[in-house]
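Participant: Numbering (this note's numbering), first residue to last: 1 to 147. Using N, Cα and C, we set each Cβ at its ideal position, and we do this for glycine too. Quantities reported herein were computed from a predicted structural model and do not represent experimental measurements. Take this structure, written in structure tokens, and hold onto it; I'll ask about it next.
Below, the structure is given as structure tokens:
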């Protein structure tokens with residue numbers, strides 16, 4: 001039995017970072033199961049409220065329950081925080097997915113698309129063959145440090 005890990009790292013062009021989510025696979029879990037734990041003080045920033053999340057699913061690709069939690073606990077609050085930090089209300093944002101099918105499916109639900117639209121945020125999924133040129137985190141040192 002193996003355990004595998006995947007880090008979800010979101011960093012904006014303005015270098016604002018969301019809490020890192022570390023997803024650990026556990027083959028003993030049922031396919032629909034998911035759990036998460038917030039770890040206060042463990043983060044890549046120096047703010048007193050910094051944290052990360054440790055989560056687990058059967059596979060490191062996640063499942064529907066994980067992605068719904070991730071979108072509503074990490075992604076949407078992060079978008080709101082970026083808006084606040086920019087000082088410009090309703091600034092357009094582009095959120096790029098690297099995307100397995102389960103990730104894309106969950107981001108593209110009618111409910112979630114409505115949440116992104118309310119935040120003036122477009123969702124983008126580029127082709128896998130252009131990942132290093134189209135997704136800065138795939139080419140940059142910040143992302144490589146997590147691998």
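For residue 74, is the classification buried or exposed, using 16 other Cβ atoms within 10 angstroms of its Cβ as the cut-off for buried?
Facilitator: The residue in question, residue 74, is buried, as its Cβ has 16 or more Cβ neighbours within 10 Å.
Participant: What's the gap between the Cα of residue 70 and the Cα of residue 88?
Facilitator: Going by the C-alpha atoms only, they are around 25 Å apart.
Participant: Looking at the unbroken beta strand (DSSP E) that takes in residue 13, where does it start and where does it end?
Facilitator: Premise fails: residue 13 is in no beta strand (DSSP E) and is neither H nor E.
Participant: Where does the unbroken beta strand (DSSP E) through residue 39 begin, and where does it stop?
Facilitator: Residue 39 -> beta strand (DSSP E) spans 35 to 40.
Participant: Provide the residue span of the alpha helix (DSSP H) that contains residue 86, from first to last.
Facilitator: It spans 76 to 86 - the alpha helix (DSSP H) in which residue 86 sits, taken as one unbroken run.
Participant: Considering only DSSP beta bridges, list what residue 122 is partnered with.
Facilitator: Partner(s): 94.
Participant: Under the three-state reduction of DSSP, which class applies to residue 54: helix, strand or coil?
Facilitator: Three-state DSSP puts residue 54 in a strand.
Participant: Closest to residue 34 by CA distance: which of 41, 42, 40, 24 is it?
Facilitator: The shortest C-alpha separation from residue 34 is found at 24.
Participant: Find the nearest neighbour of residue 85 within the set 6, 3, 15, judged by alpha-carbon distance.
Facilitator: That would be 15, whose Cα lies nearest to the Cα of residue 85.
Participant: Among residues of its own chain, excluding the 5 on either side of residue 124, which ones have a beta-carbon nearer than 8 Å to its beta-carbon?
Facilitator: Only 94, 95, 96, 97 meet the Cβ criterion.
Participant: Determine the direct distance from the alpha carbon of residue 49 to that of residue 102, and round the result to whole angstroms.
Facilitator: Their Cα atoms are separated by approximately 30 Å.
Participant: Taking only three categories from DSSP, how would you classify residue 43?
Facilitator: Note: residue 43 maps to coil in three-state DSSP.
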